[in-house]
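Have a look at the structure below before the remarks.
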Amino acid sequence: MTTDDRAYNCGDCSTLNCGKQNSTYPSFCLTESLTGAEMDEVIRIYKEEPQTAAIAVASAEVAAEGYGKWNRAQEIAEFAKRLGAKKVGIASCVGLVKESKQFVAYLYSQGIDNYSVLCKVGAIDKKKIDVPKRKNEHESICNPVLQARILQREKTDLNVIIGLCVGHDSLFIKYSKATVTYLIVKDRVNNHNPAVGLASLVQAKQPT
Ligand code: SF4
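Be aware that the sequence shown starts at 1, since it is given in my numbering, and climbs by one per residue.
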């Protein structure tokens, strides 16, 4: 696909006028293309759907109060408190168990009950679900479906992902009954900071 035969979108925008309205909207602006009915429906969801309203308010409060001051772990604790979460679930990669234990200790220090499940829980061999193995010996699958089911059994109110692999995180989010947020996004090459690696991959090109 060339740049000429596709619809421009926010990924092509250089004005970002939707943020502060201190510039101009581009000709292809998504904000300007919305109908009044679409806008009204979205606003209704934020105001009238109880869980969505609670998350919207809590996340805005955390952003406002902790901006540039609280790190992500602190923001999650404050978010959980504002949501009234009684128990926080942790879905962790086995490779990040040290960081997971540090987060557990921090949550307890904040008076927040929590429950952790590692990705290898269940110890199901890869051959049982026909996924590729590197060696001809027992290799447990990463098991985000079971992580989600155990946290549902434990009635967690907010689940936190710590370093699940790409795709395993997708399955965890799909099967988690509780709201999900991230503490650590896995990026083995960039010390778990995917933003660092982007610039070297592309030379961004904006339409004129
Ligand atoms: S100004 Fe319009 S096109 Fe640009 S980022 Fe905002 S919504 Fe997207």
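Glycine included, each C-beta is placed from N, C-alpha and C at the ideal position. This one's a predicted model, so the numbers in the text were calculated from it and none came from an experiment.
- Between the beta-carbon of residue 123 and that of residue 100 there is about 18 angstroms, and that puts the pair past the 8 angstroms contact cut.
- For the ligand SF4, a non-hydrogen atom lies closer than 7 angstroms to the CB of residue 31.
- Between residue 89 and residue 163 the beta-carbon gap is near 15 angstroms, outside 8 angstroms, which marks them as no contact.
- Under DSSP, residue 115 forms a beta bridge with 89.
- In the structure shown, residue 185 adopts coil according to DSSP, grouped into three states.
- In the three-state scheme derived from DSSP, where H, G and I count as helix and E and B as strand, residue 140 is classed as strand.
- The bridge partners DSSP lists for residue 104 come to none.
- Comparing alpha carbon positions, the residue from 73, 59, 115 and 109 closest to residue 155 is 115.
- Straight-line measurement puts the Cα of residue 157 at about 34 angstroms from the Cα of residue 20.
- DSSP places residue 16 outside any alpha helix (DSSP H), giving it a letter other than H or E.
- In the structure shown, residue 31 falls within a helical segment according to DSSP collapsed to helix, strand and coil.
- Relative to the Cα of residue 14, the nearest Cα in the group 7, 5, 22 and 26 belongs to 26.
- DSSP places residue 45 in the helix class (H, G or I) of the three-state scheme.
- For the set 53, 160 and 137, the Cα lying nearest the Cα of residue 148 is the one of 160.
- Excluding five sequence positions before and after residue 52, the CB atoms of its chain that fall closer than 7 angstroms to its own CB belong to 45 and 46, given in chain order.
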